[in-house]
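The structure under discussion appears below in the form of structure tokens.
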Amino acid sequence: VKEVLLAQAIERLANKAGPDQQSLAATWLTELAEVLFTLNRPTDAMNCLKQCENLIVENLKTPPAS
Numbered sequence: 003v004k005e006v007l008l009a010q011a012i013e014r015l016a017n018k019a020g021p022d023q024q025s026l027a028a029t030w031l032t033e034l035a036e037v038l039f040t041l042n043r044p045t046d047a048m049n050c051l052k053q054c055e056n057l058i059v060e061n062l063k064t065p066p067a068s
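At position 10 of the sequence shown the residue is numbered 12 (our numbering), and the sequence of numbers has no breaks.
Written as structure tokens, this is what we have:
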């Protein structure tokens with residue numbers, strides 16, 4: 003259940019333009035990766051961590067709001 007709920011929340015947030023939403027999605031991706039590692043799905047977990055990294059890099063490119 004946790005896997006499904008996190009995946010749905012991440013999907014909705016990851017496409018938002020705001021850095022706050024992207025940061026939250028990145029945090030939830032790490033939570034999802036932990037769940038997937040626990041379920042013995044390391045490839046899926048590593049994909050989550052890669053998505054997290056991509057969101058962080060994208061977030062760093064976005065200048066802070068003035």
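Where is the CB? At the ideal position from N, CA and C, for every residue including glycine.
Keep in mind the model is a prediction, meaning the values are calculated, not measured.
- Residue range 4-16 is occupied by the alpha helix (DSSP H) that includes R14.
- T29 and L38 have their C-alpha atoms some 15 Å from each other.
- Taking 8 Å as the cut-off, the beta carbon of A9 is found no closer than this to the beta carbon of A16.
- Non-local beta-carbon contacts of I12 in its own chain, meaning distances under 7 Å to residues more than five positions away in sequence, involve A27, W30, L31, L34 in chain order.
- Shown here, L51 sits in a helix according to DSSP, grouped into three states.
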